Amino acid sequence: MNILLVYPEFLDALWSFKHALKFINKRANTPPLCLLTVAAMLPVEWTKRLVDLNVMKLTEEDLFWADYVFISAMAVQRKSVQQTLKRCKEAGVKVVAGGPLFINEYEQFEGVDHFVLNEAELTLPYFLDDLGRGCAKRIYKTSEFADIKKTPIPLWELTDLRHYASMSIQFSRGCPFHCEFCNVTTLFGNRPRIKTIEQILAELNSLYNIGWRGSVFFVDDNLIGNKRYIKTELLPALIEWKKNKIGTTFYTEASINLADDEELMQLMVKAGFDMVFIGIETPDEKSLDECGKKQNKNRDLLKDVKRIQQAGLQVQGGFIIGFDNDTPSIFKRQIDFIQKSGIVMANVAILQAPTGSKLHERLKREGRLLGQMGFQVVDSVTNFIPNMDLDTLQEGYKEIMRYIYSPRHYYHRIKTLFLEYKPLKIDIPKSIKNTLSLLRSIYYLGIIGKERFHYWKLLLWTSIHRPELIPLAIRLSIYGHHYRKIVEMNLH
Numbered sequence: 219m220n221i222l223l224v225y226p227e228f229l230d231a232l233w234s235f236k237h238a239l240k241f242i243n244k245r246a247n248t249p250p251l252c253l254l255t256v257a258a259m260l261p262v263e264w265t266k267r268l269v270d271l272n273v274m275k276l277t278e279e280d281l282f283w284a285d286y287v288f289i290s291a292m293a294v295q296r297k298s299v300q301q302t303l304k305r306c307k308e309a310g311v312k313v314v315a316g317g318p319l320f321i322n323e324y325e326q327f328e329g330v331d332h333f334v335l336n337e338a339e340l341t342l343p344y345f346l347d348d349l350g351r352g353c354a355k356r357i358y359k360t361s362e363f364a365d366i367k368k369t370p371i372p373l374w375e376l377t378d379l380r381h382y383a384s385m386s387i388q389f390s391r392g393c394p395f396h397c398e399f400c401n402v403t404t405l406f407g408n409r410p411r412i413k414t415i416e417q418i419l420a421e422l423n424s425l426y427n428i429g430w431r432g433s434v435f436f437v438d439d440n441l442i443g444n445k446r447y448i449k450t451e452l453l454p455a456l457i458e459w460k461k462n463k464i465g466t467t468f469y470t471e472a473s474i475n476l477a478d479d480e481e482l483m484q485l486m487v488k489a490g491f492d493m494v495f496i497g498i499e500t501p502d503e504k505s506l507d508e509c510g511k512k513q514n515k516n517r518d519l520l521k522d523v524k525r526i527q528q529a530g531l532q533v534q535g536g537f538i539i540g541f542d543n544d545t546p547s548i549f550k551r552q553i554d555f556i557q558k559s560g561i562v563m564a565n566v567a568i569l570q571a572p573t574g575s576k577l578h579e580r581l582k583r584e585g586r587l588l589g590q591m592g593f594q595v596v597d598s599v600t601n602f603i604p605n606m607d608l609d610t611l612q613e614g615y616k617e618i619m620r621y622i623y624s625p626r627h628y629y630h631r632i633k634t635l636f637l638e639y640k641p642l643k644i645d646i647p648k649s650i651k652n653t654l655s656l657l658r659s660i661y662y663l664g665i666i667g668k669e670r671f672h673y674w675k676l677l678l679w680t681s682i683h684r685p686e687l688i689p690l691a692i693r694l695s696i697y698g699h700h701y702r703k704i705v706e707m708n709l710h
């Protein structure tokens, strides 16, 4: 049996970093962990081939070779999914689909022959058994949650690591919080399920043994969902693992209460974590209360961010406008918070209601839904009727994005971060990739770029005050180039 695993293309969006990846000759940020894990669950005797549409094209030869196409996707990949399904139908190849996009919307995809929904550890075996007997059904789904201690190591050998800027692994599924706008707990539950330390080390070793010497993303929606286990088991094991491993760093997602635990932050830094994504969402207490973001309430969020930075972790932040309690004053408040926080990479979006979230259900009851979540290159769309005038909301969004990603204000945030950021001293080996990014940044940002004055000003300041952070200054400058490219191209 020939199995073609196809991963649909992402939009050229804020979080894609496509314009930054060109500086280091990479095509995508991370490989499709979902499909690589599914591939490891398929019969060993089957032949597998991966086509990640973010790094390569799907050819007619690929489709002719395949007995089945396996596809997994999120909502943001919907357009590419439709295009892929059309090509599969024209080629006469059967399609097996799974992943978040299809769980709640499978009825809308007529071009799929079999849906293997929810967690593949539970539903894929039933599909494979039925397929072997020649009686495979169209839909396989479950309301149960899998024991991920049985999840296999992804088949990294299906990928060409040279195309990617980082790798990814998963330690846990589920989140102890239940924010109204999020469907993570619907998909994966409220109680974090974890892998064993042996599993994680085996996955890391598998990457290291095939030559990976770079960043690894822990894709958990909230890595610190089980703080006790993280502190007593995972992080000590990672610290020990890294003693003889050079060049590997980690980043992840966590909730803001990370700032409450100095010991936890120090352990993360010692283990090699240098960045964490945190859903700040909004500085408005009423809007936090509205969306059930209880972990962010009654806190000094600005001090929390700086505490995390001072511990040695960069903070990448998620921000939302368009809550029912938001007024036009929220635009300036978001700008002020982002600038003062030193959150260099601030992902701002207008609120949307994903299928399966409590917000989606509430808006449906209120008759305010407008359809599926929409996605553009920058997230200035919404799928419900907001309380604020839509034109005002969208113009306010554009105002925020133009302001925070203008060269002057972006580079100012890097300096604000550097005044707080205190990482452990880590010896970063010199590489062709680092030299290439430096030379290209000098040319594209320091010579022909509109931001060249701010670029050289930052490098001069950094060389005087924080010379150890010059590589980071160059990297963040390159990220800024990507963000400005997206904003300038799409927010006229």
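Counting in my numbering, the sequence shown runs from 219 upward without gaps. For glycine and all other residues, C-beta sits at the position ideal for the given N, C-alpha and C. Remember, predicted model here, so these are calculated numbers, not experimental data.
**Message:** Rounded to whole angstroms, what is the Cα-Cα separation between ALA238 and CYS353?
**Reply:** Taking the sequence shown and counting its residues from 1, one reaches residue 238 at position 20. Taking the sequence shown and counting its residues from 1, one reaches residue 353 at position 135. ALA238 and CYS353: Cα-Cα distance of roughly 47 Å.
**Asked** Using 8 Å as the Cβ pair cut-off and three pairs as the minimum, do the segment 627-641 and the segment 693-708 touch?
**Response** yes
**Inter-residue CB distance, GLU617 and PHE671 (contact presumed, cutoff 8 Å)** = Here residue 617 is taken as the residue at index 399 of the sequence shown, counted from 1. Here residue 671 is taken as the residue at index 453 of the sequence shown, counted from 1. Not quite, the Cβ-Cβ distance comes to about 23 Å (not below 8 Å), so this is no contact.
**Asked** Does the beta-carbon of LYS511 have 16 or more other beta-carbons within 10 angstroms, so that it is buried, or is it exposed?
**Response** Your numbering for residue 511 matches position 293 in the sequence shown. Buried, by the Cβ-count rule.
**Prompt:** When the distance is taken between beta carbons, is TYR639 closer than 9 Å to GLN528?
**Reply:** Residue mapping note: residue 528 aligns to position 310 of the sequence shown, counting from 1. Residue mapping note: residue 639 aligns to position 421 of the sequence shown, counting from 1. Contact flag set, yes.
**Prompt:** Are ARG296 and LEU319 close, meaning C-beta to C-beta below 9 Å?
**Reply:** Counting from one through the sequence shown, the residue named residue 296 turns up at place 78. Counting from one through the sequence shown, the residue named residue 319 turns up at place 101. Cβ atoms of ARG296 and LEU319: closer than 9 Å.
**Request:** Report the three-state DSSP secondary structure of GLN590 (helix, strand or coil).
**Result:** Numbered from 1 along the sequence shown, position 372 holds the residue referred to as residue 590. The answer is coil: DSSP assigns GLN590 none of H, G, I, E or B.
**Request:** Pull up the distance between the alpha-carbon of ASN440 and that of PHE593, whole angstroms please.
**Result:** As a first step, residue 440 is located in the sequence shown; it is residue number 222 there, counting from the start. As a first step, residue 593 is located in the sequence shown; it is residue number 375 there, counting from the start. Put simply, the backbone Cα of ASN440 is about 24 Å away from that of PHE593.
**Request:** Could you spell out where the beta strand (DSSP E) holding ARG267 opens and where it closes?
**Result:** Against the sequence shown, residue 267 aligns to sequence position 49. ARG267 -> beta strand (DSSP E) spans 265-270.
**Asked** If you drop the 5 nearest sequence neighbours on each side, which residues of the same chain put their C-beta closer than 6 Å to that of ASN336?
**Response** For the purposes of this step, residue 336 is taken as residue 118 along the sequence shown, with counting starting at 1. For ASN336, where only same-chain residues beyond five positions count, the Cβ hits under 6 Å are LYS359 and THR360.
**Request:** Return the residue from the list ASN401, TRP430 and ARG391 that minimises the CA-CA distance to THR414.
**Result:** For this step, residue 414 is matched to residue 196 along the sequence shown. Selected option, being the one with the closest Cα: ARG391.
**Asked** What do you reckon, are the CB atoms on MET219 and THR265 nearer than 9 Å?
**Response** As a first step, residue 219 must be located in the sequence shown, where it is residue number 1. As a first step, residue 265 must be located in the sequence shown, where it is residue number 47. In contact: MET219 and THR265 (Cβ atoms closer than 9 Å).
**Expected contact under 8 Å - CB spacing of GLY536 and GLY560 to nearest Å** = As a working note, residue 536 is residue 318 in the sequence shown. As a working note, residue 560 is residue 342 in the sequence shown. 16 Å between Cβ atoms; not a contact.
**Item:** Three-way DSSP call (helix, strand, coil) for THR467 in this model
**Value:** By 1-based counting over the sequence shown, the position of residue 467 is 249. The answer is strand: DSSP assigns THR467 an E or B state.
**ALA293 versus GLY310: straight-line alpha-carbon distance, rounded** = Here the question's residue 293 lines up with position 75 in the sequence shown. Here the question's residue 310 lines up with position 92 in the sequence shown. So the alpha carbons of these two residues sit roughly 25 Å apart.
**Item:** GLN295 in three-state terms, based on DSSP
**Value:** What you label residue 295 is simply residue 77 of the sequence shown in a count that begins at 1. Helix, per DSSP.
**Request:** State the DSSP-derived secondary structure class of VAL273, mapped to helix, strand or coil.
**Result:** Against the sequence shown, residue 273 aligns to sequence position 55. Reduced to three states, the DSSP call for VAL273 is coil.
**Prompt:** SER433 and PHE468: beta carbons closer than 9 Å?
**Reply:** To locate residue 433, count along the sequence shown from 1; it is residue 215. To locate residue 468, count along the sequence shown from 1; it is residue 250. Closer than 9 Å, so yes.
**Item:** Contact belief for ALA489 with LYS460 at Cβ below 8 Å, rounded distance in angstroms
**Value:** Your numbering for residue 489 matches position 271 in the sequence shown. Your numbering for residue 460 matches position 242 in the sequence shown. So it is a contact: roughly 7 Å between Cβ atoms.
**Prompt:** Any idea if ASP607 is buried or exposed, counting beta-carbon neighbours within 10 angstroms, 16 or more meaning buried?
**Reply:** In the sequence shown, the residue the question calls residue 607 occupies position 389. ASP607 is exposed by the Cβ-count criterion.
**Item:** LEU229: first and last residue of the uninterrupted alpha helix (DSSP H) it sits in
**Value:** Along the sequence shown, one-based indexing puts residue 229 at 11. Run containing LEU229: none; DSSP gives neither H nor E here.
**Message:** For GLN552, count the other beta carbons within 10 Å of its own beta carbon; 16 or more makes it buried, fewer makes it exposed. Which is it?
**Reply:** Start at 1 with the first residue of the sequence shown, and residue 552 comes out as number 334. Classification for GLN552: buried.
**Asked** With distances taken from CA atoms, which of ILE289, LEU232 and PRO261 is nearest LEU188?
**Response** The chain is shown from 219 up to 710; residue 188 falls before or after that span and cannot be answered.
**Prompt:** Can the beta-carbon of ALA258 be found less than 9 Å from the beta-carbon of PRO370?
**Reply:** For the purposes of this step, residue 258 is taken as residue 40 along the sequence shown, with counting starting at 1. For the purposes of this step, residue 370 is taken as residue 152 along the sequence shown, with counting starting at 1. Against a cut-off of 9 Å, the Cβ pair of PRO370 and ALA258 comes out as a contact.
**Prompt:** Near GLY407, which residues of its chain fall below 6 Å by C-beta distance, leaving aside the five closest residues on each side in sequence?
**Reply:** The residue given as residue 407 occupies position 189 in the sequence shown. Correct list, in chain order: PHE363 and GLY392.
**Message:** Checking the sheet assignment: what are the DSSP bridge partners for GLY316?
**Reply:** Indexing the sequence shown from 1 puts residue 316 at position 98. GLY316 pairs with SER290.
**Message:** Taking the beta strand (DSSP E) that HIS381 belongs to, which residues open and close that run?
**Reply:** For the purposes of this step, residue 381 is identified with residue 163 of the sequence shown, where counting begins at 1. No beta strand (DSSP E) contains HIS381, which DSSP labels as neither H nor E.
**Prompt:** Among THR470, ASP522 and TYR286, which one has its Cα closest to the Cα of ASP479?
**Reply:** As a position in the sequence shown, residue 479 is number 261, starting the count at 1. Sorting THR470, ASP522 and TYR286 by C-alpha distance to the C-alpha of ASP479 places ASP522 at the top.
**6 Å Cβ shell around GLU227 - same chain, five flanking residues per side excluded** = Your numbering for residue 227 matches position 9 in the sequence shown. Correct list, in chain order: LEU271, ASN272 and SER298.
**Asked** Of the residues LEU281, LEU232, ILE568 and VAL269, which one's Cα is nearest the Cα of PRO249?
**Response** For the purposes of this step, residue 249 is taken as residue 31 along the sequence shown, with counting starting at 1. For the residues LEU281, LEU232, ILE568 and VAL269, the minimum Cα distance to PRO249 belongs to VAL269.
**Request:** Have a look at GLY540, LYS515, GLU458 and MET563 and flag the residue whose alpha-carbon is nearest the alpha-carbon of PHE399.
**Result:** Taking the first residue of the sequence shown as 1, we reach residue 399 at position 181. Nearest option by C-alpha distance: GLY540.
**Request:** Report yes if the C-beta distance between ILE418 and TRP374 is below 9 Å; otherwise report no.
**Result:** As a working note, residue 418 is residue 200 in the sequence shown. As a working note, residue 374 is residue 156 in the sequence shown. The answer is no: Cβ separation not under 9 Å.
**Request:** Go ahead and label HIS683 buried or exposed: buried means 16 or more other beta carbons lie within 10 angstroms of its beta carbon, across all protein chains shown.
**Result:** As a working note, residue 683 is residue 465 in the sequence shown. Around the C-beta of HIS683, fewer than 16 other C-beta atoms lie within 10 Å, and the residue is accordingly described as exposed.
**Request:** Measure from the alpha carbon of THR470 to the alpha carbon of each residue in GLU458, ILE464, MET486 and LYS463, then state which is nearest.
**Result:** On the sequence shown, position 252 is the one that residue 470 refers to. The shortest Cα separation from THR470 among GLU458, ILE464, MET486 and LYS463 belongs to MET486.
**Prompt:** Smallest Cα separation from SER384: which of ASN543, PRO410, ARG409 and LEU422?
**Reply:** In the sequence shown, residue 384 corresponds to position 166, counting from 1. Of the candidates ASN543, PRO410, ARG409 and LEU422, the one whose C-alpha sits nearest the C-alpha of SER384 is LEU422.
**Request:** Can you say whether LEU260 is buried or exposed, counting buried as having 16 or more other CB atoms within 10 angstroms of its CB?
**Result:** Against the sequence shown, residue 260 aligns to sequence position 42. LEU260 should be labelled buried.
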